[in-house]
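Below: one structure, written as structure tokens.
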Amino acid sequence: MRLAGSGIFDMNLGFEELLLLASIVVPTVVSICLFTGVVTSDEAAKKLAYVGFGVPFVSGVLLFLWFEGAVGADYKYEVLFDRTGLQELGITFHLGLNGVSSPLFAMAGFVGLAAGLAAIHSGAERIRLYLALLTLMQAGLMGFFASVDLFFYFLFHEFALVPTFIMIGLWGGRDRRSVALEITIYLTLGALIVLGGLVALNVMGDAEKFDFPTLVHLLSTTALGESAQFKIFGLLLLGFGILVALFPFHTWAPRAYSAAPTSVSMLHAGVLKKFGLYGLVQVAVPLLPSGAAQWSDFLIWLALGNVLFVGLVTMAQNNLKSMVGYGSVMHMGYCFLGVATCSALGAGSVVMLMTAHGLSVALMFLVGTFVYRRCGTFEMDEMGGLGTKTPVLACFFLAAAFATIGLPGFGNFWGEFGIFMSLGENPGTRFALVLAVIGIIISAIFGLRAVAKVFFGEQTEEFAEFEKENPVKDLNLVEMLPAGLLVAALLLLGLWPRTISDRVNAEIGNRYQAFESSVPGSLPACCALTAEEPEVKEGIETNGAAVEATEESSKPKAGDHD
Numbered sequence: 070m071r072l073a074g075s076g077i078f079d080m081n082l083g084f085e086e087l088l089l090l091a092s093i094v095v096p097t098v099v100s101i102c103l104f105t106g107v108v109t110s111d112e113a114a115k116k117l118a119y120v121g122f123g124v125p126f127v128s129g130v131l132l133f134l135w136f137e138g139a140v141g142a143d144y145k146y147e148v149l150f151d152r153t154g155l156q157e158l159g160i161t162f163h164l165g166l167n168g169v170s171s172p173l174f175a176m177a178g179f180v181g182l183a184a185g186l187a188a189i190h191s192g193a194e195r196i197r198l199y200l201a202l203l204t205l206m207q208a209g210l211m212g213f214f215a216s217v218d219l220f221f222y223f224l225f226h227e228f229a230l231v232p233t234f235i236m237i238g239l240w241g242g243r244d245r246r247s248v249a250l251e252i253t254i255y256l257t258l259g260a261l262i263v264l265g266g267l268v269a270l271n272v273m274g275d276a277e278k279f280d281f282p283t284l285v286h287l288l289s290t291t292a293l294g295e296s297a298q299f300k301i302f303g304l305l306l307l308g309f310g311i312l313v314a315l316f317p318f319h320t321w322a323p324r325a326y327s328a329a330p331t332s333v334s335m336l337h338a339g340v341l342k343k344f345g346l347y348g349l350v351q352v353a354v355p356l357l358p359s360g361a362a363q364w365s366d367f368l369i370w371l372a373l374g375n376v377l378f379v380g381l382v383t384m385a386q387n388n389l390k391s392m393v394g395y396g397s398v399m400h401m402g403y404c405f406l407g408v409a410t411c412s413a414l415g416a417g418s419v420v421m422l423m424t425a426h427g428l429s430v431a432l433m434f435l436v437g438t439f440v441y442r443r444c445g446t447f448e449m450d451e452m453g454g455l456g457t458k459t460p461v462l463a464c465f466f467l468a469a470a471f472a473t474i475g476l477p478g479f480g481n482f483w484g485e486f487g488i489f490m491s492l493g494e495n496p497g498t499r500f501a502l503v504l505a506v507i508g509i510i511i512s513a514i515f516g517l518r519a520v521a522k523v524f525f526g527e528q529t530e531e532f533a534e535f536e537k538e539n540p541v542k543d544l545n546l547v548e549m550l551p552a553g554l555l556v557a558a559l560l561l562l563g564l565w566p567r568t569i570s571d572r573v574n575a576e577i578g579n580r581y582q583a584f585e586s587s588v589p590g591s592l593p594a595c596c597a598l599t600a601e602e603p604e605v606k607e608g609i610e611t612n613g614a615a616v617e618a619t620e621e622s623s624k625p626k627a628g629d630h631d
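When we follow our numbering, the leftmost residue of the sequence shown carries the number 70, and every step to the right adds one.
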């Protein structure tokens, strides 16, 4: 661990730690420069924005490639500055990556760069303010995946959330003011409930520090009572559920994505919405296993509401952007189903699906905007025959639709496949597997129908009239670059899932030992080192102290923590 306790200028950081810090600091500095008027021209603002989005991308990719593994409460590339002024409350500025956060951190860099490139060339009014808010949002997104301290994990989420409200209100589409007010109420309420749950977890555990390793060490030796776990997990589930658009708290999300500028929709649906699922997988379920088990059945029914009810609503959409928004909410149901299995297989598959979904939904919003620029509308009934005029765009759109459906060859497939396996391994959740599989059919219907309506068939009269004044051209290099980045990442995950599954297996398998009496602790054999349950060592290193595991304590019991 690299310490920085005696002063901010005394930090002795290696190159990797500097990269991690730069992924947050650089976009923040770029945002401040754009806010304060240091940059006075639009062209200079755009050049500076390249730096603001490029550094997090490079940092995310390099740190992902160099990641060698950290198990349990250990983190790689740690940066600790404990003189925050809040150290008496146990709050420190602590950054680091582990097997769960590393792929999501890299995904945030990919989506951020794609969204940044789209924003720079969007032609938006007041472009300096637009880019200032977007780079601040990017800094927050990188920050909450890199945070080890739970206070800063929450704080960085707010840094990313506030620009969302402002940008929808200023640059949004139809009903943008009412939509901005609606999501402000929903997401502020959800965030406050999450904060209450995190504080309750810290207070009930009586931890010296408000960070994840300390809580892991404490709760591995002193288990909370089942009643306390039930209440705290319920708080976290409600708060995170609102933030992730869990049924029936989902209504804000499709309206927000329809009204939001494209780059905001890409960052929020692709990255920011993963905050709640990340919190459940990384914090709530492993630290509160008894509470998670008690809420499991209820969560399964709510998650099926996302998959089936919201899925059917998605099928009824004729507006392309609305369809993508509702489809994003629908696929969050799969992630909640994986969380509800309370198994290492389910949780690891959720991480894979979160990573792939972040890339695919960002791609869908991006190519949807490309279609809008060429047709002048998002209404699919007013399109048709675009494929003969824009074959490259058709290929990108088809790739995005296939990834959304979960076609083999794209990263989404492995996440959904692992979640289905986790549901099938427990006889009590096999009914949910049968119902969840229906979601594949629903996804195929609305995805392929969109491809058919937009790119095939006869050209509609509305499109023909629009084309007379606006000649249709295929994608140019500036448009292909961000789309190509996202497609390449999706194909990498789809063709070589062990890119992330090995590190996820090691991390998740260690943290979910309390549930592993009957559920194997790894992802499918096709994308893991082994399909066997990982070996549990007699001594588990937790926050620098060895916790001796006896034969009796290794047996899973209600209320046990590992």
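By construction, the Cβ of each residue, glycine as well, lies at the ideal position given by its N, Cα and C atoms.
Assuming C411 and A353 are in contact, meaning their beta carbons sit under 8 Å apart, how far apart are those beta carbons, in whole angstroms? Contact doesn't hold; Cβ gap of about 11 Å is too wide.
Task: Start and end residues, beta strand (DSSP E) containing E147 - done: 145-150
Determine whether the beta carbon atoms of E295 and S191 lie at a separation below 7 Å.
Between E295 and S191, the gap from beta carbon to beta carbon reaches 7 Å or more.
query: Quick one, are the C-beta atoms of K390 and F447 less than 7 Å apart?
result: Going by beta carbons, K390 and F447 fall inside the 7 Å limit.
task: Spell out the partners DSSP gives D280 in its beta bridges.
output: D218
Next on the checklist: Please report the distance separating the alpha-carbon of S586 from that of N271.
Outcome noted: Low confidence applies here, because S586 scores a pLDDT of 43, under 50, leaving its location unreliable; read the following figure in that light. Each residue's Cα considered, the two are about 28 Å apart.
How long is the line joining the alpha carbons of A431 and A338, rounded to whole angstroms?
-> 7 Å
message: Can you give me the C-alpha to C-alpha distance between G526 and G445, rounded to a whole angstrom?
response: Approximately 18 Å, taken between the alpha carbons.
### Task
Just mark N545 as buried or exposed, buried being the case when its beta carbon has 16 or more other beta carbons within 10 Å.
Burial state of N545 is exposed, judged by a 10 Å Cβ sphere holding fewer than 16 other Cβ atoms.
- Task: Starting from L356, follow its DSSP beta bridges and name the residues at the other end.
- Result: Paired residue(s): none; L356 is not in a bridge.
- Do N388 and A425 have their CB atoms nearer than 7 Å? no
Have a look at R246 and G394 and give me their C-alpha separation to the nearest angstrom.
C-alpha separation (whole angstroms): 18 Å.
Quiz item: Under the three-state reduction of DSSP, which class applies to S591: helix, strand or coil?
Solution: For S591, the predicted model reports a pLDDT of 42, less than 50, meaning its position is unreliable; a value from the coordinates is still stated below. S591: coil per DSSP, three-state reduction.
Exercise. Could I get the ranges of all uninterrupted beta strand (DSSP E) runs contained in the segment 242-329, with 3 residues as the minimum, in chain order?
Key: none
Exercise for the section: Classify F162 as helix, strand or coil using the three-state DSSP reduction. Expected result: strand
Checklist entry - With 16 other CB atoms within 10 Å as the buried threshold, where does T290 fall? => result exposed
What are the start and end residues of the alpha helix (DSSP H) that includes E485?
If you look at E485, you'll find it in the alpha helix (DSSP H) that goes 480-494.
Buried or exposed by the 16-neighbour rule on C-beta atoms within 10 Å, applied to W135:
exposed
Within-7 Å CB hit, A425 to chain D: No chain D appears in the structure shown, which is made up of a single protein chain.
**Report entry** Neighbourhood of K624 by C-beta distance below 7 Å, restricted to the same chain and skipping five residues each side
**Finding:** Residue placement at K624 is flagged as unreliable, the pLDDT there being 42, under the threshold of 50; the coordinate-derived value follows with that caveat. Nothing meets the Cβ criterion.
- Query: Which residue from I189, I514, L173 puts its Cα closest to that of G121?
  - Reply: I189
Go to S92, then tell me how far its alpha helix (DSSP H) extends in each direction, as first and last residue.
Per DSSP, S92 belongs to the alpha helix (DSSP H) from 84-105.
On the CB-based measure, 16 or more other CB atoms within 10 Å of its CB, does F179 come out buried or exposed? buried
For this session: Would you tell me roughly how many angstroms separate the C-alpha atoms of L346 and I196, rounded to the nearest one?
Result: Distance between L346 and I196, taken at the CA atoms: about 32 Å.
Does the segment 250-262 come close enough to the segment 320-331 to have 3 or more Cβ pairs within less than 8 Å?
-> yes
Q) So what does DSSP say about E632, is it helix, strand or coil? A) Nothing about residue 632 can be reported from this structure: the residues present for the chain run from 70 to 631 only.
By the three-class DSSP mapping on this structure, what secondary structure does N388 have?
strand
Q) How is the alpha helix (DSSP H) around S128 delimited, first residue to last? A) 111-135
Would DSSP call K458 helix, strand or coil? coil
TODO: Could you check which residue in L414, V263, F104 has the C-alpha nearest to that of Y199?
DONE: F104
Roughly how many whole angstroms lie between the Cα atoms of F367 and A416? 17 Å
Query raised in the report: According to the Cβ coordinates, are I488 and S418 closer than 7 Å?
Result: yes
Subject >> Euclidean distance between Cα positions of G437 and F299 >> reply: 42 Å
Review point. Whose C-beta lies closer than 7 Å to the C-beta of L502 among residues of the same chain, with five residues either side of it excluded?
Key: Beyond the five residues adjoining it in sequence on each side, L502 comes within less than 7 Å, by CB distance, of F489, L492, G493 in the same chain, given in chain order.
What are the start and end residues of the alpha helix (DSSP H) that includes A338? Neither: A338 is in no alpha helix (DSSP H) and is coded neither H nor E.
(request) Identify which residue in G484, G265, I577 has its Cα closest to the Cα of F302. (result) G265
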